[in-house]
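Worksheet for the structure shown next.
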Amino acid sequence: STWWRRVEPAPKDPILGVTEAFLADRHPHKVNVGVGAYRNDDGRSVVLECVREAERVISGNTNMEYLPMGGNQTFVEETLKLAYGDESEYISNNKIAAVQTLSGTGACYLFAKFQRRFQSNSRVYIPIPTWSNHHNIWRDAQVPQRSFHYYHAESRGLDFPSLMDDIKNAPSGSFFMLHACAHNPTGVDPSEEQWREISYLFKIKNHFAFFDMAYQGFASGNTEKDAEAIRIFLKDGHLIACAQSYAKNMGLYGQRVGCLSILCENELQALAVKSQLQQIAGSMYGNPPLHGSLIVSIILTNPDLKKLWLKEVKGMADRIIDMRIALRENLENLGSSISWEHITNQIGMFCFSGMTPEQVDQLTDRYHIYMTRNGRISMAGVTTGNVRYIAEAIHKVTR
Ligand code: PLP
Numbered sequence: 079s080t081w082w083r084r085v086e087p088a089p090k091d092p093i094l095g096v097t098e099a100f101l102a103d104r105h106p107h108k109v110n111v112g113v114g115a116y117r118n119d120d121g122r123s124v125v126l127e128c129v130r131e132a133e134r135v136i137s138g139n140t141n142m143e144y145l146p147m148g149g150n151q152t153f154v155e156e157t158l159k160l161a162y163g164d165e166s167e168y169i170s171n172n173k174i175a176a177v178q179t180l181s182g183t184g185a186c187y188l189f190a191k192f193q194r195r196f197q198s199n200s201r202v203y204i205p206i207p208t209w210s211n212h213h214n215i216w217r218d219a220q221v222p223q224r225s226f227h228y229y230h231a232e233s234r235g236l237d238f239p240s241l242m243d244d245i246k247n248a249p250s251g252s253f254f255m256l257h258a259c260a261h262n263p264t265g266v267d268p269s270e271e272q273w274r275e276i277s278y279l280f281k282i283k284n285h286f287a288f289f290d291m292a293y294q295g296f297a298s299g300n301t302e303k304d305a306e307a308i309r310i311f312l313k314d315g316h317l318i319a320c321a322q323s324y325a326k327n328m329g330l331y332g333q334r335v336g337c338l339s340i341l342c343e344n345e346l347q348a349l350a351v352k353s354q355l356q357q358i359a360g361s362m363y364g365n366p367p368l369h370g371s372l373i374v375s376i377i378l379t380n381p382d383l384k385k386l387w388l389k390e391v392k393g394m395a396d397r398i399i400d401m402r403i404a405l406r407e408n409l410e411n412l413g414s415s416i417s418w419e420h421i422t423n424q425i426g427m428f429c430f431s432g433m434t435p436e437q438v439d440q441l442t443d444r445y446h447i448y449m450t451r452n453g454r455i456s457m458a459g460v461t462t463g464n465v466r467y468i469a470e471a472i473h474k475v476t477r
């Protein structure tokens, strides 16, 4: 049978297209500010020193056995401490159902499948815009999607009043997908006070918060500060769910290490939820991968390595913050009449520049600068060496 003949190519991932075009370009000054992966000031990918050290420890380990279905338990426990706090009583009282996942993507998908299975007629509210894969994930899990306002194009900041209206107007008990920090693609996060108001309204409406935390430490440089939104919700007594990833903050992109956790009312409930999560994961891919979870658990259980990691995360975040300042200063020094304040107000890996798709096309065609057409600049691709070139090009296409 040739039933697959009718299969058409899937739509191209917009970021993959950007990378392909960048690689095909032979211009010496070409710049890739499309991809959401950290680069150092020489434009190179980075393996953290703490990771290299953990690899040295692992190299003597010849054990290639399966991990338990829920993953490496030390890894899971240490990962929960990052999100819920070192001293969280939810961890010590075993109230959190948590499993190791295929990075943040796998955690989101596992949650979406779980939501679909146990709250089958629920929907998910997703911010506009969001990481495009959120739409694919909940679509493939067959959970209907609704959107909520998030970004305010004119101010290039948060549309807080509309966001609050949408939370208020959603039916009680709705599921909301929230970026815990460093919102992708806008770089716009609610302030601490705004998170308090959001949490309060969630309480009144009995909404359920699912936090996608793909960038803990990457926003402020401090993992505790970046967990602030989650901590506010916990303090207010919400039973949340959370997706965590070590792709960005430990540079373990290809290792696929993450965690999904769901906070329950008691230990029995947590055991039941965990067993169901394991079952869903089991039929998708069996057991989670070993190597990355070993790297993470070695780093987080060794005080010296953990300290080194926190220093290295801060180093990455600080470099990005420095590049934000440099890009803004360069644009202002060129005499741009546009306000570029949002470059330094926004946070995390991305700057939602406000450039139009046509302006982005000009950047690419005339100046060999590659990025997605929504105007998102990956600040990780900006370096001391190219920031002036990028600023000049942006200035020319926006004046
Ligand atoms: N969530 C958000 C908002 C992201 O930006 C990303 C990666 O770009 C992810 C989740 C998942 O990344 P990974 O699966 O590599 O952990």
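Just add 78 to wherever you are in the sequence shown, counting from 1, and you've got this note's numbering. For glycine and all other residues, C-beta sits at the position ideal for the given N, C-alpha and C. Note that the coordinates shown come from a computational prediction; the quantities given were computed from them, not determined experimentally.
- Looking at the DSSP output, glycine 235 shares a beta bridge with His230.
- Annotated as proximal: threonine 422 and isoleucine 403, with beta-carbon spacing under 8 angstroms.
- For arginine 217, the closest alpha carbon among the candidates Tyr187, Gly148, Tyr162 and Phe296 is that of Tyr187.
- Not one heavy atom of the ligand PLP lies closer than 7 angstroms to the C-beta of cysteine 337.
- A Cβ-Cβ separation of about 4 angstroms places histidine 227 in contact with serine 240 under the 8 angstroms criterion.
- Straight through space, the alpha carbons of lysine 159 and serine 166 are spaced by roughly 7 angstroms.
- The DSSP assignment places complete alpha helix (DSSP H) segments of no fewer than 4 residues inside the region 254 to 295 at 270 to 283, in order along the chain.
- In chain order, Asp103, His105, His107, Lys108 and Val109 place their CB closer than 8 angstroms to the CB of histidine 446, counting only its own chain and leaving out the 5 sequence neighbours on each side.
- Glycine 149 has its Cβ no nearer than 7 angstroms to any heavy atom of the ligand PLP.
- The DSSP-derived three-state label of glycine 432 is coil.
- The residues Tyr203, Arg224, Phe226, Phe254, Lys283 and His285, in chain order, have a CB closer than 8 angstroms to that of alanine 248 in the same chain once the five nearest residues on each side in sequence are set aside.
- Selection Phe100, Val85, Arg84 and Leu94 evaluated against tyrosine 448 yields Phe100 as nearest (Cα-Cα).
- Sorted by chain position, residues whose beta-carbon lies closer than 5 angstroms to a non-hydrogen atom of the ligand PLP are Gly114, Ser181, Gly182, Thr183, Trp209, Asn262, Asp290, Ala292, Ser323 and Ala325.
- Per DSSP, proline 205 is one residue of the beta strand (DSSP E) stretching across 202 to 206.
- Within the same chain, and ignoring the five residues on either side of proline 146 in sequence, the residues whose Cβ sits closer than 8 angstroms to its Cβ are Asn365.
- The beta carbon of alanine 325 sits closer than 6 angstroms to those of Ser181 and Tyr331, all from its chain and outside the five residues before and after it, given in chain order.
- Judged by DSSP secondary structure, serine 250 falls outside any alpha helix (DSSP H); it is assigned neither H nor E.
- For the options Arg194, Cys342, Asn214 and Ala350, the alpha carbon positioned closest to that of alanine 88 is the one of Asn214.
- Residue pairing of serine 323 in beta bridges, as defined by DSSP: Gly336.
- Of the candidates Ile416, His212, Leu388 and Ala319, Ala319 places its Cα closest to the Cα of lysine 173.
- Rounded to the nearest whole angstrom, the CA to CA distance from valine 85 to glycine 360 is 28 angstroms.
- The C-beta distance from alanine 287 to glutamine 294 rounds to 16 angstroms, too long to fall under 8 angstroms, and the pair is not in contact.
- The continuous alpha helix (DSSP H) containing alanine 102 extends over residues 92 to 102.
- Rounded to the nearest angstrom, the Cβ distance from isoleucine 398 to cysteine 128 is 19 angstroms, too far for a contact under 8 angstroms.
- DSSP places serine 123 outside both helix and strand once states are collapsed to three, so it counts as coil.
- Secondary structure in the region 438 to 469: the beta strand (DSSP E) runs of 3 residues or longer, each lying completely within the stretch, are 454 to 456 in chain order.
- The Cβ atoms of threonine 152 and threonine 301 do not sit closer than 8 angstroms to each other.
- The beta-carbon separation of arginine 117 and glycine 426, rounded to 15 angstroms, does not stay under the 8 angstroms limit for a contact.
- A contact between stretches requires three or more CB pairs, one per stretch, nearer than 8 angstroms, and the region 341 to 360 meets this requirement with the region 190 to 197.
- The beta-bridge partner set that DSSP reports for serine 225 consists of Ile204.
- Beta-bridge partners assigned by DSSP to leucine 341: Ile174.
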